[in-house]
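Colleague: One structure coming up, written as structure tokens, with questions to follow.
2 protein chains.
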Amino acid sequence: MDQRQALAAFGALSQETRLHIIRMLVVSGPDGMAAGSIAEKAEVSPSNVSFHLKELERAGLITQQRESRSIIYTANYDALGGLIRFLTEDCCGGNAEICAPAAAVAACCAPATKEELQ
Amino acid sequence: MDQRQALAAFGALSQETRLHIIRMLVVSGPDGMAAGSIAEKAEVSPSNVSFHLKELERAGLITQQRESRSIIYTANYDALGGLIRFLTEDCCGGNAEICAPAAAVAACCAPATKEELQ
DNA sequence: TCAACGATTCAAGGATTATTGAAATATGGA
DNA sequence: TCCATATTTCAATAATCCTTGAATCGTTGA
Chain A
1 MDQRQALAAF GALSQETRLH IIRMLVVSGP DGMAAGSIAE KAEVSPSNVS
51 FHLKELERAG LITQQRESRS IIYTANYDAL GGLIRFLTED CCGGNAEICA
101 PAAAVAACCA PATKEELQ
Chain B
1001 MDQRQALAAF GALSQETRLH IIRMLVVSGP DGMAAGSIAE KAEVSPSNVS
1051 FHLKELERAG LITQQRESRS IIYTANYDAL GGLIRFLTED CCGGNAEICA
1101 PAAAVAACCA PATKEELQ
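As given, the protein sequences belong to chains A and B, one line each in that order. Under our numbering, the first sequence has 52 at position 52, and the numbering climbs by one with no breaks. Going from the second sequence to our numbering is simple: count from 1 and add 1000.
Take a look at the structure:
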């Protein structure tokens, strides 16, 4: 994740509807969600959800895949992890104080990393 | 850091000049930088830097403090850590795959956390 | 083939954000 | 007090983003 991608990702996440969509897609996991379901749950019009989905895809945060009549959207875990990484490395450039609490949060939901550290 | 603050922070970081400013302020640490120095280093006009500084302050990512004629801006480490935390917790809501790599990055610049985990 | 479904695209409008330069404010020193 | 410095504020313009509804596209089943 370079700066260009990070800027796009920050922009994508700075809009309420899109942040909502990302949260839903992260929760729904690899199965993803159809555009229509997203629109329904987020309570926005089909064309509006389509606009925001395109924006999120342009930022690399989600991917799409047609499944019969539906188009299924899925969160791009690598991109989201990459964004956290960008923010963390950028902010931690010599300043452990910023990311120490963040590391604690990240560590508690990533047991594999705990083992690596011991 | 609630969603409202996170949205503002993402918006603030989605602009090239502002991301540049944040990076400079994080590096410069608690001493911060005067508005003029920021403008000079970022190669933007005084009034433009003022606009962006106000935006960053509105998002809670920086604080200001007058020092004689200058106004010194400082990165708000808590807010930056809070944003990483928001992103991490939000994305990790049941999905360790996303934040495992992020945790590794965060851990390597926060030795204190390593000890806590052992 | 035709109708229905799920979704996108397009154009228009409104709203927000960014840039610029000129004017204003605050501070410190002669 | 007056001037210079450091910075902000303001108004105007340009650029970008968001929303809406109508039209379009691809897929499936009758």
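Cβ coordinates follow ideal geometry from the N, Cα and C atoms, glycine included.
If you draw a straight line from the alpha carbon of Ala1012/B to that of Gly1082/B, how long is it in whole angstroms?
Modeller: Taking the first residue of the second sequence as position 1, residue 1012/B is located at position 12. Taking the first residue of the second sequence as position 1, residue 1082/B is located at position 82. Cα-Cα distance, rounded: 15 Å.
Colleague: When the Cα of Ser1028/B is compared with those of Ala1100/B, Val1105/B, Lys1054/B, Ile1062/B, which residue comes out closest?
Modeller: Indexing the second sequence from 1 puts residue 1028/B at position 28. Per the Cα distances, Ile1062/B.
Colleague: Counting only Cβ pairs nearer than 7 Å, list the residues of chain B close to Ser14/A.
Modeller: For the purposes of this step, residue 14/A is taken as residue 14 along the first sequence, with counting starting at 1. In chain order: Leu1007, Phe1010, Gly1011, Ser1014.
Colleague: Could you name each continuous beta strand (DSSP E) segment of 3 residues or more that falls completely within the region 1037-1094 of chain B, going from the start of the chain to the end?
Modeller: Within the region 1037-1094 of chain B, the beta strand (DSSP E) runs of at least 3 residues that lie entirely inside it are, in chain order, 1062-1067, 1070-1075.
Colleague: Compare the Cα-Cα distances from Pro1030/B to each of Ala1075/B, Ile1071/B, Ala1006/B and report the closest residue.
Modeller: Walking along the second sequence from the start, residue 1030/B turns up at place 30. Pro1030/B has its Cα closest to that of Ala1075/B, out of Ala1075/B, Ile1071/B, Ala1006/B.
Colleague: For the structure I just gave you, are there three or more beta carbon pairs, one from the region 4-20 of chain A and one from the region 1005-1020 of chain B, closer than 8 Å?
Modeller: yes
Colleague: Which residues of chain A have a Cβ atom closer than 7 Å to the Cβ of Thr1088/B, listed in chain order?
Modeller: Within the second sequence, numbered from 1, the residue matching residue 1088/B stands at position 88. Going along chain A in sequence order, the residues near Thr1088/B (Cβ under 7 Å) are Ile84, Ala102, Val105, Ala106.
Colleague: Three-state secondary structure (DSSP) at Met1001/B?
Modeller: The residue you call residue 1001/B lines up with position 1 of the second sequence. Coil, per DSSP.
Colleague: What does DSSP give as the partner residue(s) for Met1024/B in the beta ladder?
Modeller: Within the second sequence, numbered from 1, the residue matching residue 1024/B stands at position 24. Note: Met1024/B sits in no beta bridge, so no partner.
Colleague: Less than 8 Å between CB atoms is the rule here; does Tyr73/A satisfy it with respect to chain B?
Modeller: Numbered from 1 along the first sequence, position 73 holds the residue referred to as residue 73/A. Under the Cβ criterion of 8 Å, Tyr73/A is not counted among the residues facing chain B.
Colleague: CB Ala106/A to CB Ala1039/B, shorter than 8 Å?
Modeller: Start at 1 with the first residue of the first sequence, and residue 106/A comes out as number 106. Start at 1 with the first residue of the second sequence, and residue 1039/B comes out as number 39. No, Cβ-Cβ distance for Ala106/A and Ala1039/B is not below 8 Å.
Colleague: Quickly, what does DSSP pair Ala1034/B with across the bridge? List them, please.
Modeller: For the purposes of this step, residue 1034/B is taken as the residue at position 34 of the second sequence. Note: Ala1034/B sits in a beta bridge opposite Ile1072/B.
Colleague: Within 8 Å (strictly less), CB to CB, does Gly1081/B reach chain A?
Modeller: Sequence index remark: in the second sequence, residue 1081/B carries index 81 (1-based). True, the Cβ-Cβ gap to chain A drops below 8 Å.
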